[in-house]
């Protein structure tokens with residue numbers, strides 16, 4: 189049952205930052221990305237609804253592709269749906285929260301860790317619990333930042349942008365004294381420069397994309413069939429194809445993509 | 189087939205500004221509000237998807253309630269789906285765009301009209317066409333303002349709020365010289381003070397809620413059965429009940445609401 193393809197699921201385009209990290213670590217592997225663009229954003233929805241959406245997505249991608257691992261790149265869905273999805277598909281299921289929290293716990297000098305994310309992610313408490321499991325002495329301060337996603341999608345992410353900086357100052361000043369900051373939403377790496385400017389050079393930033401990709405590499409190396417040797421197939425599915433999708437996707441992936449396939453979950 | 193109840197549909201909570209205006213004009217009428225909170229926002233979705241969602245909503249509310257008129261309070265859905273919904277249900281269907289555009293065309297001193305809304309509304313060109321029909325000599329300048337919705341939902345709407353003012357200046361400075369501004373999204377009346385501060389006291393503001401409610405009153409007066417005389421029934425349906433829903437709803441409606449009923453469309 190375990191196929192060669194890495195499946196990556198996100199509520200929209202944000203998970204492309206995770207996919208990009210996987211492409212870098214595992215350039216010869218087939219990948220299939222599913223962005224639930226018809227129902228994005230998940231960050232404002234209830235846990236039950238997000239879980240149902242994640243189950244729909246896993247069922248679809250497992251039927252359509254020969255998957256060996258299923259990555260939930262969306263932080264909100266990772267916060268509430270990893271176990272439900274793991275019961276549904278007979279392959280390893282990876283969320284972004286556990287690896288990112290472990291990474292942050294490992295690099296934090298003094299255990300003073302901030303977490304920012306969508307309202308859904310922060311209210312779930314998933315990062316707070318995951319950090320505590322890795323490092324029981326850590327203190328975690330969490331803050332939802334609902335304006336960061338539209339800021340990133342608008343492209344107002346340049347250092348010096350007065351709107352981006354005013355928004356970042358408003359949210360990040362609430363975190364107090366931290367030494368490490370988890371960027372707990374796939375959109376936030378696009379704002380890294382602005383966030384860095386506000387928190388200062390001493391705070392370490394931990395983002396989900398690299399930590400999750402490392403975990404995928406371990407599973408792929410130990411459990412998946414060898415890569416085929418031919419050029420990799422990289423497929424993209426979306427549930428809605430709104431105006432401007434390609435431009436936003438390329439901003440996230442840092443490269444052009446093959447035409448996405450529109451599907452109904 | 190024509191019942192006594194006024195049905196109001198929106199992608200989420202924003203349409204409560206329209207419902208509030210209807211309550212003020214027609215305080216003795218039964219109303220039923222449906223907020224598609226599981227799939228909000230519509231502003232970033234394709235016209236086909238928005239039309240399908242609006243059809244789902246109309247079918248649901250017409251089955252559940254004894255409707256005499258169906259109001260599409262969401263600007264994005266009004267921009268693309270009024271005709272499709274009108275084919276589906278045998279009662280009058282009102283969108284917010286036609287009445288708002290007519291009102292703006294009527295009050296504009298020099299015919300220099302700005303329109304702001306979601307990306308979906310602005311790209312549809314619906315306001316631009318509707319203003320031109322009412323006043324062919326008008327010039328219309330349109331601008332999508334994706335950050336206004338999350339700003340309103342965050343409650344950062346106070347005059348003097350540095351984030352709200354920076355965002356408003358960024359968007360509104362693109363409109364150039366206008367004498368009238370259409371607030372083409374149900375969330376925007378919450379930002380009226382901030383918008384007014386940026387555009388100055390001479391620009392007239394036209395928002396959808398009052399214009400649409402006036403149109404509803406006309407239809408109700410001429411075509412619906414008399415009100416019952418008993419206290420009105422005001423029902424609320426939502427497709428998802430996220431954390432903080434009640435607080436956001438009360439911010440929009442300016443009053444507490446009965447417990448919403450969660451439904452699946």
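Residue numbers (the working numbering), protein chains in the order written: chain A, 189 to 453; chain B, 189 to 453. No residue lacks a Cβ here, since even glycine has one placed at the ideal position from N, Cα and C.
Is any non-hydrogen atom of the ligand PLP found closer than 7 Å to the C-beta of residue 446 of chain A, if you look at the structure I gave you? Absent from the structure shown: the ligand PLP. Ligands present: none.
- [ ] Could you pull the start and end residues of the beta strand (DSSP E) that residue 301 of chain B belongs to?
- [x] Along the second chain, one-based indexing puts residue 301 of chain B at 113. Residues 300-305.
request  = Look at the alpha carbon of residue 335 of chain B and the alpha carbon of residue 417 of chain B, and state the distance between them as a whole number of angstroms.
outcome  = On the second chain, residue 335 of chain B is found 147 positions in, with the first residue counted as 1. On the second chain, residue 417 of chain B is found 229 positions in, with the first residue counted as 1. If you take the alpha carbons of residue 335 of chain B and residue 417 of chain B, they lie about 43 Å apart.
Just list the residues that DSSP pairs residue 423 of chain A with in beta bridges.
To locate residue 423 of chain A, count along the first chain from 1; it is residue 235. Per DSSP, A/220.
Beta carbon proximity, residue 233 of chain A to chain B, threshold 8 Å
One-based indexing of the first chain puts residue 233 of chain A at position 45. So, interface residue.
**Item:** Contact list for the segment 235-260 of chain B against chain A, Cβ threshold 7 Å
**Value:** 237
Checklist entry - Excluding sequence positions up to five away, which residues of its chain have a Cβ less than 6 Å from the Cβ of residue 221 of chain A? => result Numbered from 1 along the first chain, position 33 holds the residue referred to as residue 221 of chain A. Hits under 6 Å: 196, 207, 424.
### Message
With three or more beta-carbon pairs closer than 8 Å as the criterion, would you say the segment 325-339 of chain B touches the segment 303-317 of chain B?
### Response
Note that the segment 325-339 of chain B touches the segment 303-317 of chain B; at least 3 beta-carbon pairs, one per stretch, sit closer than 8 Å.
- Query: From the DSSP output, which residues share a beta bridge with residue 194 of chain B?
  - Reply: As a first step, residue 194 of chain B is located in the second chain; it is residue number 6 there, counting from the start. B/219, B/257.
According to DSSP, is residue 414 of chain A helix, strand or coil?
The residue given as residue 414 of chain A occupies position 226 in the first chain. Correct three-state label for residue 414 of chain A: coil.
Once you ignore the five residues that flank residue 266 of chain B on each side, which residues in its own chain have a CB closer than 6 Å to its CB? As a first step, residue 266 of chain B must be located in the second chain, where it is residue number 78. Counting only Cβ-Cβ distances below 6 Å, and skipping sequence neighbours, we find 260, 283, 284, 285.
Which residues in chain B have a C-beta closer than 7 Å to the C-beta of residue 227 of chain A? List them in chain order.
Start at 1 with the first residue of the first chain, and residue 227 of chain A comes out as number 39. Within chain B, the residues near residue 227 of chain A are 227.
Need the endpoints of the beta strand (DSSP E) that residue 370 of chain A sits in, please.
Along the first chain, read from residue 1 onward, the residue named residue 370 of chain A stands at position 182. Residues 368-371.
Problem set entry | Chain-ordered chain A contacts of residue 358 of chain B [CB-CB under 7 Å] | What you label residue 358 of chain B is simply residue 170 of the second chain in a count that begins at 1. By Cβ distance, chain A contributes 351.
With three or more C-beta pairs closer than 8 Å as the rule, is the segment 270-283 of chain B touching the segment 242-253 of chain B? yes
query = What does residue 429 of chain B touch in chain A if you count any residue whose Cβ is under 7 Å from its own?
reply = The sequence position of residue 429 of chain B within the second chain is 241, counting from 1. Ordered by position in chain A, the residues that pass the 7 Å Cβ test against residue 429 of chain B are 234.
* According to a CB-to-CB cut-off of less than 7 Å, which residues of the segment 353-387 of chain B neighbour chain A? -> 354, 355, 358
Exercise. Does residue 342 of chain A get closer than 8 Å to chain B when you measure Cβ to Cβ?
Worked result: Numbered from 1 along the first chain, position 154 holds the residue referred to as residue 342 of chain A. Yes, contact with chain B.
Discussion item. Comparing C-alpha positions only, which one of A/192, A/295, A/289, A/296 sits nearest to residue 313 of chain A?
Written reply: Translated into the one-based positions of the first chain, residue 313 of chain A becomes position 125. Taking only the C-alpha atoms, the option nearest residue 313 of chain A is A/289.
Exercise. Who are the Cβ neighbours of residue 415 of chain B in its own chain at under 6 Å, not counting the five residues just before and after it?
Worked result: Translated into positions along the second chain, residue 415 of chain B becomes position 227. Within the same chain, Cβ atoms closer than 6 Å to the Cβ of residue 415 of chain B are found at 216, 217, the five residues on either side in sequence being excluded.
From the DSSP output, which residues share a beta bridge with residue 407 of chain A? Along the first chain, one-based indexing puts residue 407 of chain A at 219. BP columns for residue 407 of chain A are empty, so no partner.
Review point. Got a sec: which bits of the segment 327-338 of chain B sit with their beta carbon under 7 Å from any beta carbon on chain A, in order along the chain?
Key: 334, 335, 338
Candidates A/436, A/350, A/413: which alpha carbon is nearest residue 358 of chain B's?
Within the second chain, residue 358 of chain B is the residue found at index 170, counting from 1. Proximity to residue 358 of chain B across A/436, A/350, A/413 peaks at A/350, based on C-alpha coordinates.
Exercise for review: May I have a chain-ordered list of the beta strand (DSSP E) segments no shorter than 3 residues that lie completely inside the segment 291-347 of chain B?
Suggested key: Runs found: 300-305, 327-332.
| query | Is the beta carbon of residue 393 of chain A less than 8 Å from the beta carbon of residue 403 of chain A? | reply | Here residue 393 of chain A corresponds to residue number 205 of the first chain, with the count starting at 1. Here residue 403 of chain A corresponds to residue number 215 of the first chain, with the count starting at 1. Result no, Cβ atoms of residue 393 of chain A and residue 403 of chain A do not sit closer than 8 Å.
* Who are the Cβ neighbours of residue 200 of chain B in its own chain at under 6 Å, not counting the five residues just before and after it? -> In the second chain, the residue the question calls residue 200 of chain B occupies position 12. Leaving aside the five residues that flank residue 200 of chain B on each side, the residues in its chain whose CB is nearer than 6 Å to its CB run, in chain order, 223, 225, 228.
- [ ] Measure from the alpha carbon of residue 299 of chain A to the alpha carbon of each residue in A/321, A/281, A/308, A/307, then state which is nearest.
- [x] By one-based count along the first chain, residue 299 of chain A stands at place 111. Of the listed residues, the one whose Cα sits closest to residue 299 of chain A is A/321.
*CA-to-CA distance, residue 256 of chain A to residue 410 of chain A, given in whole angstroms*: To locate residue 410 of chain A, count along the first chain from 1; it is residue 222. To locate residue 256 of chain A, count along the first chain from 1; it is residue 68. The straight-line gap from Cα to Cα measures roughly 11 Å.
(message) Check this for me: beta carbons of residue 386 of chain A and residue 360 of chain A, under 8 Å apart or not?
(response) Position 198 of the first chain, counting from 1, holds the residue named residue 386 of chain A. Position 172 of the first chain, counting from 1, holds the residue named residue 360 of chain A. Yes; because the gap between Cβ atoms is below 8 Å, this pair is in contact.
- request: Report, in whole angstroms, the separation of the C-beta atoms of residue 293 of chain B and residue 319 of chain B, which I expect to be a contact under 8 Å.
  value: Residue numbering aside, residue 293 of chain B sits at position 105 when the second chain is read from its first letter. Residue numbering aside, residue 319 of chain B sits at position 131 when the second chain is read from its first letter. Right, their Cβ atoms sit about 5 Å apart.
Q. When we look at the beta-carbon of residue 426 of chain A and count the other beta-carbons within 10 Å, is it buried (16 or more) or exposed?
A. To locate residue 426 of chain A, count along the first chain from 1; it is residue 238. With 16 or more other Cβ atoms within 10 Å, it is buried.
According to DSSP, what are the bridge partners of residue 285 of chain B?
In the second chain, counting from the first residue as 1, residue 285 of chain B sits at position 97. Paired residues: none, contrary to the question.
- prompt: For residue 443 of chain B, which option in B/367, B/212, B/316, B/337 has the closest C-alpha, if you only look at C-alpha atoms?
  reply: Within the second chain, numbered from 1, the residue matching residue 443 of chain B stands at position 255. Minimum Cα distance to residue 443 of chain B is reached at B/212.
What would DSSP say about residue 394 of chain A, mapped onto helix, strand or coil?
For this step, residue 394 of chain A is matched to residue 206 along the first chain. DSSP places residue 394 of chain A in strand when its eight states are reduced to three.
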